[in-house]
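Reading through the structure tokens given below for one structure.
Residue numbers (the working numbering), protein chains in the order written: chain Z, 1 to 433; chain L, 1 to 433.
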């Protein structure tokens, strides 16, 4: 987590910088806004994630010799622009939704205020982080709700890019997952890690019983034994024979789970292992989890569907210039006008309206170039970075813990229809006023 | 690209290691195999990617103080296991499909031969890299075919995790993409980069004409102007007035492209700009590209659908123990037996059968524990890493260039039905013999 992030950037940002330095517009005070035009796949709400990671990555957005030498060799920008990049450090202000906050179409999730040159080159990094992490958190939140209080662990690292996997774990934890298999996420973000054994461990040994004896010897009877390498019923019998009825848990990673889980519970109970937990991990998503709600499952492990956003692997957020100062010092809102991708210009102040019971009723976005209004609702913007300095409460493992707490509160405000799994309209309307 | 990759690992790999060190099975010579049970989404073939990256990441799979201290504090493994990890360096042999090779269900894409302890802890890293990169390369290959010789550039970094984006660019280039917007991919992997300006650049200026003048002044008349910020027809008129008929290109990022492109070509031609190219970049995937085949498009830019694998963001490969030596020194094949996830035990040697015209006819996988057979087809395995040392021809920018060349050859061997975009059976049957 120490390298430069400066070239995690699309080339056009540097060519725009180059031209704006030449024509003088680079210095115009500008407002860039991150928002999603719609929620993916008919989802009812989105969950903002990645913010804390992003603040740290912006601090590492510096052009060192390796970056500058390559840009020079490739003639990407002029010598003057290279000098400017060598001194680059973001000095602007970033406000936005707290990490863990829920969002809706048009919600101004992040606002970057800086001279054009400073803000324009952050586009790709900002979007990469927020689009992936928010897609994962949004999917994770649906799974957490489907699990209805049962613990749910993230085990999808093998189905995501190796670095993305760590970010996915972090996003899932913010959205309410209880733990992860990913050790780096444990080390860097303070997320509880879990895991005991794969089929390879059983297959390595001459018999399943030898494998179980070895695992219990190393990890104690509180461990979870994977019982489906050969035959599940025999595996369970062997597991209890080896570990006794105090065995912590059994894991099922194959088969027709709604049928199988009931049988396994009955067999465990008959063997006296009434406290032995059942964890299931076979290609689960929010729908499969919901389908197991009546089964005696104790915990879930989710892999592929989590790290790929369960059908929506990118949140679809965009980073748009929405206002800038003219040479006369006047703020003007700006927006693309042509077909299909129109957006709302101007700096925005979003308020979540709540009814008397505290349930959210609308996302009201005030379009301003100056000051926020007073309102009955909950103000959604916080200052994440002021004059280039990140607010320490949002970064690191502490930021993750805070985001997880905030997510739980924001989710609690949502109306019940927000939690339907089927495709539909956003749970709140976004009103621009 | 210098940090340790050792904790990009699921916890259960270290707990299996721990138990196997305690019971002595850790030293059993083992064969782990990477394969996909099926191709995603009814695809006709897959493209292997990530191999060169993986070899470098395995070289960085070392446990330093930061990793060991955290594992100790979290009580993940015993003190004895920590000592073993401190000395860990992979010393085994890895054979596999060349990067860029095409693959089918059951193709043994990568084979890791090492003592159990050395191989088991690489599972997550191996799968993370191959699953993501191969998913992207597989999607990219379909887009390249749909583009039918027109250049196609990768522009999706903003819709992928920031590190995954660099890997996606690399995978797309191997599968035949011509360039990328991602600067880090240019620096690290030698991939050509491209890009000129976004809507923000036009919106920053007081008029579209001022923006175009600035861009042409900085980048010359050979640049590509984005003409759809306000009104496309006016934008084109302005573009040619500013740059003259020698303008390099115009970019369209919105609208109903099949209709729009023809109009734009006619307008450019009428203005004398017959050599000005048209590049389109509006939410393209392989189907949208195919739908534009009769339109006068000169080049494509693809974003979201590329970096998310166009509906299949993970290739679904698994890493399985398929054989190990017993204490008596005998190789035995092993495989999970229970429902739904059965696999074929034993070390494998894959051969691609070709007919007399050089067209591939079958993927024949010989299941062996000893030596490969002689055969009429093309042998698919190469040695990627011997005794822990990566073959230098597969890594770095040189490895990427070689993989791109190899991909073109492997694609050329495929029968015509491999290139249908609709869902269907794999283009080749995989036969285990």
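Glycine included, C-beta positions come from ideal geometry on N, C-alpha and C.
Just so you know, these numbers come straight off a predicted model, no measurement behind them.
Between which two residues does the beta strand (DSSP E) containing residue 429 of chain Z stretch? Element bounds for residue 429 of chain Z: n/a, residue is neither H nor E.
Residue 348 of chain L CB to nearest chain Z CB: under 7 Å? It does not: the Cβ of residue 348 of chain L has no partner Cβ on chain Z nearer than 7 Å.
Quick one, which of Z/120, Z/69, Z/78 and Z/56 has its alpha-carbon nearest residue 436 of chain Z's? Residue 436 of chain Z lies beyond the range of chain Z shown here (1 to 433); nothing can be said about it.
Could you check what DSSP says for residue 1 of chain Z in three-state terms: helix, strand or coil? Only weak support is given to the placement of residue 1 of chain Z: the predicted model assigns it a pLDDT of 39, under 50, and the question is left unresolved by the model.
Beta-carbon of residue 415 of chain Z versus every beta-carbon of chain L: anything under 7 Å? no
Which residue from L/26, L/33, L/10 and L/20 puts its Cα closest to that of residue 368 of chain L? Among L/26, L/33, L/10 and L/20, the Cα nearest to that of residue 368 of chain L is on L/33.
Contact set for residue 146 of chain L: own chain, Cβ-Cβ below 8 Å, skip 5 residues either direction: 286, 287, 289, 290, 293 and 421
Distance between residue 53 of chain L and residue 215 of chain Z (C-alpha atoms, nearest Å): 33 Å
Can the beta-carbon of residue 131 of chain L be found closer than 7 Å to that of residue 251 of chain Z? no
Residues in its own chain within less than 7 Å of residue 239 of chain L by CB, not counting five upstream and five downstream? The residues are 212, 225, 227, 247 and 250.
Applying the 10 Å Cβ sphere with the 16-neighbour rule, what's the burial state of residue 140 of chain L? buried
Touching by the beta-carbon criterion (3+ pairs, under 8 Å), the region 421-433 of chain Z and the region 83-96 of chain Z: no
Taking the alpha carbon of residue 92 of chain L as the point to measure from, which residue in L/230, L/122 and L/69 has its own alpha carbon closest? Relative to residue 92 of chain L, the option among L/230, L/122 and L/69 whose CA is nearest is L/122.
Enumerated in chain order, which unbroken segments of the alpha helix (DSSP H) with a length of 4 residues or greater are wholly contained in the region 388-426 of chain Z? 396-412
Terminal residues of the beta strand (DSSP E) in which residue 251 of chain L lies: 249-252
For chain L, is any of its Cβ atoms less than 7 Å away from the one on residue 184 of chain Z? yes
Looking at the structure shown, is residue 294 of chain L part of a helix, part of a strand, or coil, going by DSSP? coil
Evaluate residue 64 of chain L with the Cβ neighbour count: other Cβ atoms within 10 Å of its Cβ, from every protein chain shown; 16 or more gives buried, anything less gives exposed. exposed
Taking Cβ to Cβ, would you say residue 218 of chain Z is nearer than 7 Å to residue 18 of chain L? yes
Compute the minimum distance between the beta carbon of residue 41 of chain L and the heavy atoms of the ligand MN, and state whether it is under 6 Å. With respect to the ligand MN, the structure offers nothing, as it holds no ligand at all.
Report the residue ranges of all alpha helix (DSSP H) runs contained in full by the region 135-189 of chain Z; include only those spanning at least 4 residues, in chain order. Annotation: the region 135-189 of chain Z contains the following complete segments of the alpha helix (DSSP H) (minimum length 4 residues), in chain order: 162-174 and 183-189.
For the region 189-207 of chain Z, which residues have a CB atom closer than 8 Å to at least one CB atom of chain L, in sequence order? 193, 194, 195, 196, 197, 198, 199, 200, 201, 203, 204, 205 and 206
Under 7 Å by beta carbon: chain L residues contacting residue 124 of chain Z: Within chain L, 157 and 158 have C-beta atoms less than 7 Å from the C-beta of residue 124 of chain Z, given in sequence order.
Can you give me the C-alpha to C-alpha distance between residue 1 of chain Z and residue 266 of chain Z, rounded to a whole angstrom? With a pLDDT of only 39 at residue 1 of chain Z, under the threshold of 50, the placement of this residue in the model should not be trusted, and no figure is reported.
Looking at chain L, which residues of the region 157-177 of chain Z have a Cβ within less than 9 Å of any of its Cβ atoms? For the region 157-177 of chain Z, the beta-carbon criterion of a distance under 9 Å to any beta-carbon of chain L is satisfied by 157, 158, 159, 160, 161, 162, 163, 164, 165, 166, 167 and 168.
Work out the CA separation of residue 113 of chain L and residue 22 of chain L for me, nearest whole Å. Pairing residue 22 of chain L with residue 113 of chain L, the inter-Cα distance amounts to about 21 Å.
C-beta contact flag for residue 60 of chain L and residue 5 of chain L at 7 Å: When the beta-carbon positions are compared, residue 60 of chain L and residue 5 of chain L come within less than 7 Å of each other.
Along the chain, where does the alpha helix (DSSP H) that runs through residue 348 of chain Z open and close? First-last for residue 348 of chain Z: 347-354, but that is the beta strand (DSSP E), not the alpha helix (DSSP H).
Whose Cβ in chain L lies nearer than 7 Å to the Cβ of residue 334 of chain Z? 203
When we look at the beta-carbon of residue 179 of chain Z and count the other beta-carbons within 10 Å, is it buried (16 or more) or exposed? With 16 or more other Cβ atoms from the protein chains shown falling within 10 Å of its own Cβ, residue 179 of chain Z counts as buried.
Let me see if you follow: with CB-CB separation under 7 Å, is residue 132 of chain Z close to chain L or not? yes
Is residue 336 of chain Z helix, strand or coil when you go by DSSP? Coil, per DSSP.
Consider the Cβ of residue 423 of chain Z: report whether some Cβ of chain L lies at a distance smaller than 7 Å. no
Identity of the residue in Z/133, Z/236 and Z/403 nearest residue 274 of chain Z by Cα: Z/236
Would you be able to state if there are at least three C-beta pairs under 8 Å between the region 42-49 of chain L and the region 198-206 of chain Z? no
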